[in-house]
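To start, the structure under review is shown below, and the notes come after it.
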Amino acid sequence: MAHNPYFVLLISGKRKCGKDYLAEKLVDLFGHQHLVCKITISEPLKAEYANIYGLDSCRLMESSAYKEEFRTSMIKWGEKIRSQDPGYFCRKAIEQTKAIQFPIWVITDIRRQTDLDYFQNSFGDKVKTVRITAEDNIRQQRHWAYTHGVDDAESECDLDNVSSWNWIVNNSGNDIAVMKTLQEIKDKAQAIVPPFVYNMLQ
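Add 24 to the 1-based position in the sequence shown for the working numbering, that's all there is to it.
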């Protein structure tokens, strides 16, 4: 569709705060498989890294010890690419998911100011942002442990001083409050997408 996307949601948060889980919950709320595209910027990064170094790309996509083994070197490799082309992995993720076919985009892993800048410069006021937080003890229950070179790296800290989030969600266990915010985001997105788009999806 020529006017896609109508609504672009950028999800940010630290490791083990529940970004992917809440993104899945949000997509499920929409209930129409042709309405929403879930985009993960790290997927093309992991795929290219795995191809270059002969690794298992499927295992890198999982939340696993295998991924953690290569996380630091992947971060450094990705930063080298970004230093030459800050929007490279954002564009790759959009292309690989064929996102332009969908009116609503949910980007699950905004980690850097350059990620924010790419989408805001490309899609303007169509972009809304949400920051997912969780208490450290809750993250530890999800198998997070502070790792030097990862948790103090740009990929985890670059957006710490951003205060202009449209929504902030504390994902530390209050599921009712979390789902209320996700419903609010869904309602906002659906109000922006014109009725004729829904008619075309029938």
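Heads up, the beta-carbon is just placed ideally off N, CA and C, and yes, glycines get one too.
Here the structure is a predicted model, which is why all the values come from computation and not from measurement.
Three-way DSSP call (helix, strand, coil) for residue i in this model
| i | result |
| --- | --- |
| Asn194 | strand |
| Lys91 | helix |
| Leu34 | strand |
| Thr171 | coil |
| Arg231 | Not covered by the structure: residue 231. The range shown for the chain is 25 to 226. |
| Thr157 | strand |
| Thr205 | helix |
| Gly78 | coil |
| Ala123 | helix |
| Trp189 | coil |
| Leu183 | coil |
| Ala47 | helix |
| Asp176 | coil |
| Val221 | helix |
Reference residue i; option with closest CA among the options
| i | options | result |
| --- | --- | --- |
| Tyr170 | Gly42, Met85 and Glu92 | Glu92 |
| Arg155 | Asp80, Leu140, Asp52 and Gln165 | Leu140 |
| Gly55 | Ser179, Ile105, Gln214 and Ala117 | Gln214 |
| His27 | Asp199, Ala123, Gln164 and Gly197 | Ala123 |
| Thr121 | Val60, Arg163 and Lys100 | Val60 |
| Glu159 | Val186, Tyr90, Pro218 and Ser196 | Ser196 |
| Met224 | Asp109, His58 and Ser187 | His58 |
| Asp176 | Ile99, Tyr73, Val51 and Ser88 | Ile99 |
| Lys116 | Pro219, Asn185 and Ala71 | Ala71 |
| Arg166 | Ser88, Asn198 and Lys204 | Ser88 |
| Val221 | Lys104, Val51 and Gln125 | Gln125 |
| Val186 | Ile134, Lys204 and Tyr73 | Ile134 |
In DSSP terms, what residue i is bridged to
| i | result |
| --- | --- |
| Cys61 | Trp129 |
| Lys152 | Leu33 |
| Ile134 | Ser36 |
Beta-carbon spacing of residue i, residue j below 8 Å
| i | j | result |
| --- | --- | --- |
| Leu69 | Gly102 | yes |
| Thr138 | Asn194 | no |
| Ser179 | Arg136 | yes |
| Trp189 | Ile209 | no |
| Leu183 | Leu53 | no |
| Ile76 | Cys114 | no |
| Leu46 | Val202 | yes |
| Trp168 | Lys40 | yes |
| Val174 | Arg106 | no |
| Ile162 | Ile118 | no |
| Pro110 | Tyr90 | no |
Inspect the CB distances between the region 28 to 40 and the region 119 to 134 and report whether three or more fall short of 8 Å.
With a cut-off of 8 Å, the region 119 to 134 and the region 28 to 40 count as touching, because enough Cβ pairs lie within range.
Counting Cβ pairs, one atom from each stretch, are 3 or more of them under 8 Å apart for the region 136 to 153 and the region 79 to 88?
Flag = no, the region 136 to 153 and the region 79 to 88 do not touch.
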